[in-house]
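In our numbering, the protein residues as written are 345 to 861.
Heads up, the beta-carbon is just placed ideally off N, CA and C, and yes, glycines get one too.
This one's a predicted model, so the numbers in the text were calculated from it and none came from an experiment.
Just below is one structure, and these are the notes that go with it.
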Amino acid sequence: MYIAKRAMLISFIVFVVCFLLGIVTSKYNPEFARTILSNDYINMTNQNIQKGDAMAVYKSKGEMSSFLQIFYNNIKVDFITFISGIFMAVGTLLIMVFNGVMVGVFQYYFIEKGLFWESFLAIWTHGALEIPAIILSGGAGLMLGKGLLFPGTYSRFQAFRISGITALKIILAVIPLTLLAAFIEGFLTRHTEIPNMIRFSFILLSIGFILLYFFWYPLKVARRSQNSDILLEPDLMHIPEVKFNSGEIFPINKIISETFGFAFRYIPNFLSLVFFSSLIFALVISFNSNALFFNNENHIFTISDFLNYQEYPMLALISTMLFVFIQIWTFLFFKKKLLKEKSEYALIKSPVLLNTTFSIMFLTPVFIGLIMIDNSLFFYLSFILLPLLIFISSISAHQNISFWNAITLAGNLLKNGFSTFITVSIVFFLVGSLFYLTTAYGLKILLIKDALMWSLTDNDNIAQQISLCFSVFQIAVSFLTYFVLAVISSSILYYSLKEIYSAENLISRIKQIKAKK
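Structure, rendered in structure tokens:
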């Protein structure tokens, strides 16, 4: 907490400023509350006020069910706020802006109805812990993004790893705080009959706990600590990059760290690849007047639409081309940068490209074809097989063999490394899913229920098309990011399993020892 004090201060200031912004905007624009809180929620609240129980929303469900649902929603917001820091801290700031405005609008709505004291005691009974948990998550997210934004003389990945460890410790401390806040909201907030003085004292006690434990105590520990290296950020000194050894056997954690290390080391290249590919894909889908790729009458694009190949075969074709291109480019880039092989031009002219392209162009349609079968079993099977198909493609690319031989070699390699393959595949599938959920939530915050779109243009059709384009772009970025990480991890995994299977590097070193004798 002491190391992250500046990030926490920024998170707190952004939230408070946007909280006040929500109040001021609601004061001068009464309809703003409906934009932020939704018409359904405002109508329900108005009905509760008319019935004489403004806080009835906290009593609408059973205590246990409320507690579980609230905890799930709040912990999801906390983690998305935290993970969004990976987008150069911008994602975290956007979420903090939205949450600050939303809480301000929510509180002012009851003030406007003359229910300040009643709403304050109900909302802040749990909010005194819930809101600080969001601010702490925001600070952790900003700390996460700090390493990417300000790496100093570290490599960007090294700086990200240092700041990420600190941020992770903070977000783990937020979990019990969010759990306690959800418990209070589910079991205690509903009891508005409790005397006001007791509820007010409970709010003060909660705020006091937050200030003492998360701010005063870390400062005290930092000042009295004899080992300041633990509490202060390390000097920005260059740490040489460890070269990739294709003959090394990597444990699972090293495969994962090497994958992220390579991705972050060349993040401008991969960002450009994913960004421009996703942008072209989004423009094609959003502005196809003949509805060849998607019928955009409702202007809503979801992950199921992204994979709706049965109804739109042309979407399957353009997706195949996109996936093939991403995989080939990533394989060639990996071979050039990490293995220090020939230039891209030389690789393009070599037989390596022919075998790689042929394998990918055969195996990618297998994935697309399984999705096109109108059966949920085949749909799930396609995603189960996707990491295996990419792994086979990586064998063909790095071994420079046909895909038939690559399939045989994949079977031999996985005999001794199947558990590693499964674990790595699950990890990056979860990373891709989390990335999708984070960007989807961030897009919702950015659009603020289309408010941004309506401010860009008065034309309804154009605004809807822009909104659709944003949605397609977000899904494409998420999916292609997963593809890039899967290709890199499968390449590193291939070299590790190859060494286990053939021991080429070990035999070579033994021969060198014998030669010296």
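Practice problem: Note down the Cα distance separating Ser763 from Met658, rounded to an integer number of angstroms. | Solution: Roughly 37 Å between the two C-alpha positions.
Practice problem: Would you grab the beta carbon distance between Gly435 and Thr825 for me? Rounded to a whole angstrom, and I think it's under 8 Å. | Solution: That belief does not hold up - the Cβ atoms of Gly435 and Thr825 are roughly 14 Å apart, past 8 Å.
Exercise. Enumerate, from N- to C-terminal direction, the unbroken alpha helix (DSSP H) stretches of 4 or more residues contained entirely within the stretch 612 to 672.
Key: Here the runs fully enclosed are 647 to 650.
Exercise. Return the CA-CA distance between Ile467 and Ile662, expressed in angstroms with no decimal places.
Key: One C-alpha to the other measures close to 50 Å.
Quiz item: CB-CB under 6 Å to Pro476, same chain, minus the five flanking residues each way: which ones, in chain order?
Solution: The beta carbon of Pro476 sits closer than 6 Å to those of Ile554, all from its chain and outside the five residues before and after it, given in chain order.
Quiz item: At which residues does the alpha helix (DSSP H) containing Trp461 begin and terminate?
Solution: Here the alpha helix (DSSP H) through Trp461 covers 460 to 493.
Quiz item: Rounded to whole angstroms, how far is the Cβ of Ile819 from the Cβ of Ile647, which I believe are closer than 8 Å?
Solution: Indeed they touch by this definition, with Cβ atoms about 6 Å apart.
Quiz item: CB Met446 to CB Ile367, shorter than 7 Å?
Solution: If you check the CB distance, Met446 and Ile367 do not come in under 7 Å.
Quiz item: In three-state terms, what does DSSP make of Ser811?
Solution: In this structure, Ser811 counts as helix in the three-state DSSP scheme.
Quiz item: Asn699: which of Ser738, Asn390, Phe504 sits nearest, CA to CA?
Solution: Ranking Ser738, Asn390, Phe504 by Cα distance to Asn699 puts Ser738 first.
Practice problem: Taking only the alpha-carbon atoms, compute the straight-line gap between Asp384 and Val628 and give it to the nearest angstrom. | Solution: Looking at the two C-alpha atoms, the distance is approximately 35 Å.
Quiz item: Sorted by chain position, which residues of the same chain lie with C-beta nearer than 6 Å to Ala741's C-beta, five sequence neighbours on each side aside?
Solution: Excluding sequence neighbours, Ala741 sits near Phe675, Thr700.
Exercise. Take every Cβ of the stretch 435 to 444, pair it with every Cβ of the stretch 479 to 499, and state whether three or more of those distances are shorter than 8 Å.
Key: Yes: at least three Cβ pairs fall under 8 Å.
Self-check item: Beta-carbon proximity of Ala754 to Ile728, cut-off 7 Å
Solution: No, they are not a contact pair.
Quiz item: Thr533 and Tyr453: beta carbons closer than 7 Å?
Solution: It is not a contact, given that the beta carbons lie outside the stated cut-off.
Quiz prompt | Spatial neighbours of Ser507 in its chain, beta-carbon cut-off 7 Å, leaving aside the 5 residues before and after | solution = Contacts found: Met487, Leu488, Lys490, Gly491.
Quiz item: In terms of alpha-carbon separation, which member of Thr510, Val831, Leu459 lies closest to Asn392?
Solution: Among Thr510, Val831, Leu459, the Cα nearest to that of Asn392 belongs to Leu459.
Quiz item: Looking at C-alpha atoms only, which residue of Ile455, Ile836, Phe669 is the closest neighbour of Glu592?
Solution: For Glu592, the closest C-alpha among the options Ile455, Ile836, Phe669 is that of Ile836.
Quiz item: Considering only C-alpha positions, which residue in the set Phe356, Met716, Lys842 is nearest to Glu655?
Solution: The residue among Phe356, Met716, Lys842 with its C-alpha nearest the C-alpha of Glu655 is Met716.
Exercise. Compute the Euclidean distance between the alpha carbons of Phe871 and Lys564, then round it to the nearest angstrom.
Key: Residue 871 lies beyond the residue range present for the chain, which begins at 345 and ends at 861; the question has no answer from this structure.
Quiz item: Is the CB-CB distance between Ala484 and Phe415 below 7 Å?
Solution: No. Outside cutoff.
Quiz prompt | For Thr510, the three-state DSSP class (helix, strand or coil) | solution = Assigned with DSSP and collapsed to three states, Thr510 falls in helix.
Self-check item: Gly776 to Ile670 span [Cα, whole Å]
Solution: Here the alpha carbon of Gly776 sits roughly 16 Å from the alpha carbon of Ile670.
Exercise. In the DSSP assignment, find the unbroken alpha helix (DSSP H) run with Met388 in it and report its ends.
Key: It spans 383 to 394 - the alpha helix (DSSP H) in which Met388 sits, taken as one unbroken run.
Quiz prompt | Beta-carbon proximity list for Tyr839, same chain, < 6 Å, skipping 5 on both sides | solution = Counting only residues of its own chain and dropping the five nearest sequence neighbours on each side, Tyr839 has a CB closer than 6 Å to the CB of Ser590.
Quiz prompt | Where Tyr838 sits in the DSSP three-state scheme | solution = In the structure shown, Tyr838 sits in a helix (DSSP, three-state: H, G or I).
Self-check item: Option nearest Glu474 by Cα separation, candidates Arg500, Phe411, Ile542, Thr536
Solution: Nearest C-alpha to Glu474 among Arg500, Phe411, Ile542, Thr536: Phe411.
Quiz item: In chain order, what residues of the same chain have a beta carbon less than 8 Å from the beta carbon of Phe544, not counting five sequence neighbours either side?
Solution: Only Leu465 meet the Cβ criterion.
Quiz item: I think Ala607 touches Val828, with their Cβ atoms under 8 Å apart; what is that distance to the nearest whole Å?
Solution: By a beta-carbon distance limit of 8 Å, Ala607 contacts Val828. Their separation comes to about 7 Å.
Self-check item: Of the residues Lys858, Ala398, Ser811, Trp673, the one placed nearest His535, counting alpha carbons only
Solution: Of the candidates Lys858, Ala398, Ser811, Trp673, the one whose C-alpha sits nearest the C-alpha of His535 is Ala398.
Practice problem: State the DSSP-derived secondary structure class of Ile357, mapped to helix, strand or coil. | Solution: Residue state, collapsed to three classes: helix.
Quiz item: Hey, how far is the Cα of Asn373 from the Cα of Val360?
Solution: Taking the straight line from one Cα to the other gives about 20 Å.
Self-check item: Exposure label - Tyr610; buried when at least 16 CB within 10 Å
Solution: Label assigned to Tyr610: buried.
Quiz item: Below 7 Å between beta carbons: does that hold for Ala626 and Cys813?
Solution: Cβ distance < 7 Å, so Ala626 and Cys813 count as in contact.
Exercise. Can you have a look at Leu353 and say buried or exposed, based on whether 16 or more other CB atoms are within 10 angstroms of its CB?
Key: Exposed is the label assigned to Leu353, since fewer than 16 other Cβ atoms lie within 10 Å of its Cβ.
Practice problem: Compute the distance between the beta-carbons of Ile347 and Thr510, then report whether it is under 7 Å. | Solution: Yes, Cβ-Cβ distance for Ile347 and Thr510 is below 7 Å.
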